[in-house]
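Read through the structure below, which is laid out as structure tokens, and then see the notes.
Protein chains in written order, with the numbering used here: chain A, 1 to 66; chain B, 1001 to 1204.
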């Protein structure tokens, strides 16, 4: 499993930019409110974080999950 | 490489729409689709599928900013994504929309003459008479001029923030995006309450 995963912050505007760039389809928009990441599927590549216009995505270390 | 869909090419609609408005202002009426579709999808579908998939403007800024490398790709300032600014801009935009409808009504009632101008940034009057077909009822043309003014102004603001910040920086405070997200929030209020109580976001 990848060392990092993407986490969505409160600034998410649910524009869906992250969905377009995710290579493993780990991101979806939940009910038009916010994006959510499938942490198991996420490979932590950071493409979504670079794409997010609101800067709402950060990469977290897996160790911090516990 | 990701498989491309038909809706990935919708970005062409933005230059097409703005271009057609330069030849015949009545094409501005088509812009109502960009207003109604996101609202209908949010109200009846409870999603932001329009923003996520079909928004031509977001895609257009993406193409210019990423593919054409016109964006500086700098972080969007914090104030620009603050709810006060986002909702404030939405209210301002709706007020300007209401004002545009009022002017259209004045022209319809004969209390005001048709202004063959496009108003940029809600203040700057730009002569646009060449795109006005004279055989049209004045109020129909007035609405078109007003609506095109809104669309062109917002496109220019979007272009500016695209260059200065992220390619899709406009999406952060887009009035339609803010409004549809608000509608979706209201629709999902029960689930959101559960999220707040448990402190956990829904799993995919």
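Glycine is no exception: its CB is placed at the ideal position from the N, C-alpha and C atoms.
Judged by DSSP in its simplified three-state form, residue 1197 of chain B adopts helix. By the criterion of a C-beta distance shorter than 6 Å, residue 1014 of chain B is surrounded in its chain by 1056, 1057 and 1060, once the five residues flanking it on both sides are discounted. Under a 10 Å Cβ-count criterion, residue 1166 of chain B is classified as buried, with 16 or more other Cβ atoms of the shown protein chains found around its own Cβ. Note that the stretch 1166-1179 of chain B touches the stretch 1030-1050 of chain B; at least 3 beta-carbon pairs, one per stretch, sit closer than 8 Å.
In chain order, 1172 and 1173 place their CB closer than 7 Å to the CB of residue 1080 of chain B, counting only its own chain and leaving out the 5 sequence neighbours on each side. Contact with chain A is absent for residue 1003 of chain B, since none of that chain's Cβ atoms lies less than 8 Å from the residue's Cβ.
Excluding the 5 residues flanking it on each side, residue 1073 of chain B has same chain C-beta neighbours closer than 7 Å at 1166, in chain order. At a cut-off of 8 Å between C-beta atoms, residue 57 of chain A does not count as an interface residue with respect to chain B. Around the beta carbon of residue 1151 of chain B, 16 or more other beta carbons sit within 10 angstroms, so the residue counts as buried. The alpha-carbon separation between residue 1042 of chain B and residue 1132 of chain B amounts to approximately 34 Å. Within a 10 Å sphere around the beta-carbon of residue 1193 of chain B sit fewer than 16 other beta-carbons, which makes this residue exposed. The stretch 36-52 of chain A makes contact with the stretch 4-12 of chain A; the number of CB pairs closer than 8 Å reaches 3 or more.
No Cβ of chain A is located within less than 8 Å of the beta carbon of residue 1164 of chain B. At a cut-off of 8 Å between beta carbons, residue 1068 of chain B makes no contact with chain A. Straight-line spacing of the CA atoms in residue 1137 of chain B and residue 1153 of chain B works out to 25 Å. Considering only A:23, A:18 and A:33, the residue with the shortest C-alpha distance to residue 1195 of chain B is A:33.
Looking from the CA of residue 1069 of chain B, the closest CA among B:1108, B:1164, B:1123 and B:1004 belongs to B:1164.
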